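Peer 1: If you scroll down you'll find the structure; I have some questions about it.
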Amino acid sequence: MTTAAGLRHATRGAPNELSHDANLDALLTPQQMSAADQAAIAAGLSGGALMEAAGAAVANEVARNWPRSSVLILCGPGNNGGDGFVAARHLKAAGWSVRLALLGDRNMLSGDAAEQAGRWQGPIEPISDALLKGVDIVIDALFGAGLSRPVQGVVAELLNAVASQGLPVCAIDLPSGVNGASGEVMGAALPAQLTVTFFRKKPGHVLEPGRSLCGRVFVAQIGISASVLTGIKPLVYENKPRLWLHAYPWLPVDTHKYKRGHALVVGGRLMTGAARLAAVACARTGAGLVTIAAPMATWAVYASALTSVMVHPIKENGSLEDILADPRINVVAIGPGAGISDLTRKHVLQALAGDRSVVLDADAISVFSTDAQSLFGAIQGPCVLTPHEGEFNRIFPSEGSKLDRARSAARQSGAVVVLKGPDTVIACPDGRAVINTNAPPELATGGTGDVLAGMVAGLLAQGMDAFLAACAAVWMHGEAARLFGPGLISQDLPQIIPRVLRRLKRHA
Numbered sequence: 067m068t069t070a071a072g073l074r075h076a077t078r079g080a081p082n083e084l085s086h087d088a089n090l091d092a093l094l095t096p097q098q099m100s101a102a103d104q105a106a107i108a109a110g111l112s113g114g115a116l117m118e119a120a121g122a123a124v125a126n127e128v129a130r131n132w133p134r135s136s137v138l139i140l141c142g143p144g145n146n147g148g149d150g151f152v153a154a155r156h157l158k159a160a161g162w163s164v165r166l167a168l169l170g171d172r173n174m175l176s177g178d179a180a181e182q183a184g185r186w187q188g189p190i191e192p193i194s195d196a197l198l199k200g201v202d203i204v205i206d207a208l209f210g211a212g213l214s215r216p217v218q219g220v221v222a223e224l225l226n227a228v229a230s231q232g233l234p235v236c237a238i239d240l241p242s243g244v245n246g247a248s249g250e251v252m253g254a255a256l257p258a259q260l261t262v263t264f265f266r267k268k269p270g271h272v273l274e275p276g277r278s279l280c281g282r283v284f285v286a287q288i289g290i291s292a293s294v295l296t297g298i299k300p301l302v303y304e305n306k307p308r309l310w311l312h313a314y315p316w317l318p319v320d321t322h323k324y325k326r327g328h329a330l331v332v333g334g335r336l337m338t339g340a341a342r343l344a345a346v347a348c349a350r351t352g353a354g355l356v357t358i359a360a361p362m363a364t365w366a367v368y369a370s371a372l373t374s375v376m377v378h379p380i381k382e383n384g385s386l387e388d389i390l391a392d393p394r395i396n397v398v399a400i401g402p403g404a405g406i407s408d409l410t411r412k413h414v415l416q417a418l419a420g421d422r423s424v425v426l427d428a429d430a431i432s433v434f435s436t437d438a439q440s441l442f443g444a445i446q447g448p449c450v451l452t453p454h455e456g457e458f459n460r461i462f463p464s465e466g467s468k469l470d471r472a473r474s475a476a477r478q479s480g481a482v483v484v485l486k487g488p489d490t491v492i493a494c495p496d497g498r499a500v501i502n503t504n505a506p507p508e509l510a511t512g513g514t515g516d517v518l519a520g521m522v523a524g525l526l527a528q529g530m531d532a533f534l535a536a537c538a539a540v541w542m543h544g545e546a547a548r549l550f551g552p553g554l555i556s557q558d559l560p561q562i563i564p565r566v567l568r569r570l571k572r573h574a
């Protein structure tokens with residue numbers, strides 16, 4: 067759920083850039099987080115102080131979320147385990163019954179972790195599933211983001227045993243077994259109800275399946291200054307309104323419909339509902355004029371079903387050139403219900419030939435499955451591709467994490483790529499990427515992608531930068547679905563957009 071603070075903290079920035087507050091929502095790779103730690107130490111904080119603050123934050127969150135009871139802390143051989151030793155000491159001092167188990171030999175600990183282990187006055191047990199008897203809560207301090215190889219053997223067995231018993235779990239930094247950079251499971255992973263991480267989240271906290279395995283994520287501030295991000299220069303962020311709200315095209319008093327843009331949605335012959343959904347969503351998002359270009363055979367279907375959207379017949383030869391000759395049309399959306407055909411391919415290339423913005427979805431992407439380079443070569447101006455995984459894999463390589471694949475696709479195509487899903491990734495050709503986290507499962511129904519394509523087109527029509535427009539549309543799409551709740555079907559979404567806009571405007 068978005069908080070009022072998440073909306074209020076939008077600050078001004080260049081209209082084609084993320085806001086000056088973007089670093090509040092930066093997602094750091096494990097390597098970048100290590101660099102942040104080192105920068106903080108170079109600025110005067112000791113590693114021991116950082117570990118003490120981290121472990122204390124874990125203990126505080128455990129005490130805040132569960133009643134005082136028996137807790138088992140599973141410690142690994144690195145700094146994550148050191149955080150566990152600190153948490154154990156604080157919880158024991160607060161009256162909790164604490165047991166602590168260590169993976170490996172205590173004599174093998176080094177640095178700050180060894181120092182914190184020396185401050186722990188209780189017994190240290192070896193790792194085994196026999197530890198779970200009489201335990202109420204487990205704190206997972208085994209690996210965190212520092213995991214470099216798959217979890218196997220006795221540790222995997224222990225993680226599976228904890229999960230099978232349904233014990234509440236608090237993970238330190240990340241659930242053990244989750245890759246911090248990709249969210250992927252490395253061998254085995256322990257689902258957590260609560261994950262306490264530090265300074266900033268990592269991509270693994272918001273990309274599936276890591277996002278689901280983390281449960282609720284609490285970000286503890288442990289003394290690292292935000293100024294360290296100046297040297298790190300993060301490029302990946304969690305999608306929040308404060309990233310793009312400064313660039314939202316709110317209406318000035320002296321506006322009129324032509325100043326708000328004219329969007330053209332290209333309709334298909336058979337699946338007429340898809341283009342209608344996109345067109346209505348485009349209008350609801352603020353485009354001043356929206357026209358559907360409809361095949362002659364189905365023109366009457368479109369015209370009889372729409373009132374606030376104009377319907378223009380496509381000539382028998384299928385060309386859009388006469389319609390696109392109207393200089394007021396500044397964005398074209400193609401794909402919803404288009405069909406995979408030579409005609410769809412022709413329409414895409416005609417739309418891309420001008421200097422207008424273009425949104426390509428569904429069939430307008432899949433139609434280039436055997437010749438993706440001809441599509442990429444035709445993209446010269448602002449263009450947003452909105453594929454789901456199947457459509458994406460038809461024209462882009464399918465190997466690598468979702469984040470890496472989306473960023474690579476954006477660089478390769480020269481377009482902003484919106485790789486949809488519960489963890490939609492919006493990637494820009496310049497390397498920036500935003501991961502969305504507010505999409506509820508109710509969006510998993512036919513037609514919602516058509517609505518999203520129309521929303522992106524509506525923002526582009528009003529002159530919003532392509533990357534920011536995609537970020538805003540994806541967040542608003544998720545928020546509309548969240549506000550509607552269970553029972554959602556795609557045609558409900560455009561009706562909720564004004565409610566989302568009112569909430570955004572109050573905090574802009």
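The sequence shown: position 225 = 291 (this note's numbering), numbered continuously. Where is the CB? At the ideal position from N, CA and C, for every residue including glycine. Remember, it's a predicted structure, so these values are computed and weren't measured experimentally.
Mind listing, in chain order, the continuous alpha helix (DSSP H) runs of no fewer than 4 residues lying wholly within the region 444-522?
Peer 2: Entirely contained in the region 444-522, the alpha helix (DSSP H) runs reaching 4 residues are, in chain order, 455-461, 468-479.
Peer 1: Name the two residues that bound the continuous beta strand (DSSP E) containing M376.
Peer 2: Start and end: 376-380.
Peer 1: Taking the alpha helix (DSSP H) that T357 belongs to, which residues open and close that run?
Peer 2: Careful: T357 lies outside any alpha helix (DSSP H), inside the beta strand (DSSP E) at 355-361.
Peer 1: Only counting the same chain, and skipping five residues up and downstream in sequence, which positions put a Cβ closer than 6 Å to that of N82?
Peer 2: Result list for N82: D531, in chain order.
Peer 1: Classify L166 as helix, strand or coil using the three-state DSSP reduction.
Peer 2: In this structure, L166 counts as strand in the three-state DSSP scheme.
Peer 1: Using the DSSP secondary-structure output, state which residues sit across from A419 in a beta bridge.
Peer 2: A419 is not bridged to any residue.
Peer 1: If contacts are defined as beta-carbon pairs under 8 Å, then T364 and R335 qualify, I think. What distance do you get, rounded to the angstrom?
Peer 2: Correct: roughly 6 Å between the Cβ atoms.
Peer 1: Can you name, in chain order, every residue of its own chain whose Cβ lies under 8 Å from the Cβ of T68, other than the five neighbours on each side?
Peer 2: Reliability of the predicted coordinates at T68 is poor, the pLDDT of 41 falling under 50, and the value obtained from them is presented with this limitation in mind. Closer than 8 Å at the Cβ level, and outside the excluded window around T68, lie K306, P307, N504, E545.
Peer 1: Check I288 in the structure and name its three-state DSSP category.
Peer 2: Of the three classes helix, strand and coil, the one that applies to I288 here is coil, per DSSP.
Peer 1: Does the distance from the CB of D103 to the CB of I290 come in under 9 Å?
Peer 2: Cβ distance < 9 Å, so D103 and I290 count as in contact.
Peer 1: Going straight from the alpha carbon of S112 to that of I298, what length do you get?
Peer 2: Rounded to whole angstroms, S112 to I298 spans 20 Å at the Cα level.
Peer 1: Residue range of the beta strand (DSSP E) that F264 falls in?
Peer 2: 260-264 is the span of the beta strand (DSSP E), which, as asked, contains F264.
Peer 1: Is DSSP giving A92 helix, strand or coil here?
Peer 2: Correct three-state label for A92: strand.
Peer 1: For Y324, which three-state DSSP category applies?
Peer 2: Of the three classes helix, strand and coil, the one that applies to Y324 here is helix, per DSSP.
Peer 1: In the DSSP output, what is Y303 paired with across the bridge?
Peer 2: Answer is A92, V500, bridged to Y303.
Peer 1: Look at the alpha carbon of H156 and the alpha carbon of G232, and state the distance between them as a whole number of angstroms.
Peer 2: Those two C-alpha atoms are separated by around 25 Å.
Peer 1: Please return the same chain residues whose Cβ sits closer than 7 Å to the Cβ of N131, not counting the five positions on each side in sequence.
Peer 2: Answer for N131: L260, listed in chain order.
Peer 1: Taking 8 Å as the limit between beta carbons, can you name the residues of its chain near P257, skipping five residues before and five after?
Peer 2: Excluding sequence neighbours, P257 sits near A229, V235, P241, S278, L279, G281.
Peer 1: At what residues does the alpha helix (DSSP H) containing A183 begin and finish?
Peer 2: Per DSSP, A183 belongs to the alpha helix (DSSP H) from 177-185.
Peer 1: On the DSSP letters alone, give me the boundaries of the alpha helix (DSSP H) that L157 sits inside.
Peer 2: L157 -> alpha helix (DSSP H) spans 145-159.
Peer 1: At 4 residues or longer, and completely inside the region 204-250: list those alpha helix (DSSP H) runs for me, N to C.
Peer 2: DSSP runs (the alpha helix (DSSP H)) wholly in the region 204-250: 219-231.
Peer 1: In terms of alpha-carbon separation, which member of A179, L197, A255 lies closest to R215?
Peer 2: Considering only alpha carbons, the answer is A255.
Peer 1: Closest by CA to A371, which one among D558, A481, T338?
Peer 2: Comparing Cα-Cα distances from A371 to each of D558, A481, T338, the minimum goes to T338.
Peer 1: Residues bridged to D427 by DSSP?
Peer 2: Paired residues: T452.
Peer 1: For P463, count neighbouring Cβ atoms within 10 angstroms of its own Cβ and tell me buried if that reaches 16, exposed if not.
Peer 2: That one is exposed.
Peer 1: Give the DSSP-derived three-state secondary structure of V332 in the structure shown.
Peer 2: In this structure, V332 counts as strand in the three-state DSSP scheme.
Peer 1: Based on Cα-Cα distance, which residue from A129, I406, G148, V331 lies nearest to L377?
Peer 2: Leu is not the amino acid found at residue 377; the sequence shown has Val there. Of the listed residues, the one whose Cα sits closest to V377 is V331.
Peer 1: So, are the CB atoms of V272 and G249 less than 9 Å apart?
Peer 2: Yes, these two residues count as a Cβ contact at 9 Å.
Peer 1: With a cut-off of 8 Å on the beta carbons, I'd call G515 and K486 a contact; round off their distance for me.
Peer 2: G515 to K486, Cβ: 6 Å. Contact.
Peer 1: Indicate the three-state DSSP secondary structure (helix, strand or coil) for R282 in the structure shown.
Peer 2: Of the three classes helix, strand and coil, the one that applies to R282 here is strand, per DSSP.
Peer 1: Pairs of beta-carbons, one from the region 468-486 and one from the region 447-455, closer than 8 Å: are there three or more?
Peer 2: Counting Cβ pairs under 8 Å, three or more are found: they touch.
Peer 1: Between the region 533-550 and the region 494-509, are three or more C-beta pairs nearer than 8 Å?
Peer 2: They touch, by the three-pair rule.
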